[in-house]
Amino acid sequence: MTPKPDVPQQLAAPGHALDAALAHLDTRRSVPFMRLQEPAPDSATLLRLLASATRVPDHGIREPFRFVTLRGDARRVFGERLAARHREADADASESVIAKDLDRYLHAPLIVVLVAQLGPDPKIPEQERLLSAGCTGFALLQAAQAAGFGGCWLTGWAAYDREVASMLGLDAHEHVIGFIHLGTPSQDIPERRRPDPAALLSEWTP
């Protein structure tokens, strides 16, 4: 019987499908939101990307996630309302900090708000549902890059403020777990140091 080739042998074969797939994964990187410009995925393209992004581990098939988009002038209005909310919550907030609220959502042409739905569930722990929702964010970034776009996943104070959640139409059991900024990179993003997998891996032995 011919032994099954191991991964290094597969990777050594030029043009192998696994080589191409891993090469795509190995080039994933975040693009700073200030380096994202038009075009962004249009509505049809975004739906196609989400079809891939929602193929995630989902114990109990709860689908504990949904998405809210901000495009066009809605980004400016959202920033203005964030700034007003920030002033309301912190009267001592500096104008430079408030200016960041006004500016943050004006660079990338598309913002996808990632929402985790974490209502009471007698069978599936909240942590598992939160992780499932989080997987969709990473998968969306992967799908967007595969389609020629760039993106980054941000949070900030607005992700944890219930007034902001209400502003976005979220129910009490729903939580913002990310603002995913999408667009086309305006420049190449340099590589950074990555973890050494050998330093992270251990084997349990009884």
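Just so you know, we're using this note's numbering here: the sequence shown kicks off at 1195 and counts up by one.
Beta carbons are placed, not taken as given, at the ideal position from N, Cα and C, and that holds for glycine.
- DSSP places F1343 in the coil class of the three-state scheme, outside both helix and strand.
- The beta carbon of T1378 is closer than 8 Å to those of L1230, Q1231, E1232, P1233, A1234, G1342, F1343, G1344 in its chain, skipping five residues each way along the sequence.
- The region 1296 to 1353 contains, as complete beta strand (DSSP E) runs of 3+ residues, the segments 1304 to 1311, 1344 to 1348 (chain order).
- Counting every other CB atom within 10 Å of its CB across the protein chains shown gives Q1339 a total of 16 or more, marking it as buried.
- Looking at the DSSP output, G1372 shares a beta bridge with L1308.
- Between I1371 and A1327 a beta carbon distance of about 6 Å is seen, short of the 8 Å cut, so the two are scored as contacting.
- Fully contained in the region 1258 to 1293 are the following beta strand (DSSP E) runs of length 3 or more, in chain order: 1259 to 1265.
- In the three-state reduction of the DSSP assignment, P1379 falls in the strand class, which pools E and B.
- The Cβ neighbour count for G1273, taken over all protein chains shown within 10 Å, is at least 16; the residue is labelled buried.
- For the pair A1366 and D1355, the Cα-to-Cα distance works out to about 12 Å.
- Per DSSP, the continuous alpha helix (DSSP H) segment holding A1393 begins and ends at 1391 to 1394.
- Here L1230 carries a strand assignment [DSSP, helix/strand/coil].
- Assigned with DSSP and collapsed to three states, T1248 falls in coil, not helix or strand.
- The C-beta distance from F1332 to L1348 rounds to 14 Å, too long to fall under 8 Å, and the pair is not in contact.
- If you draw a 10 Å sphere on the C-beta of H1375, you find 16 or more other C-beta atoms in it, and that means buried.
- Per the coordinates, the alpha-carbon of G1266 lies some 7 Å from the alpha-carbon of P1303.
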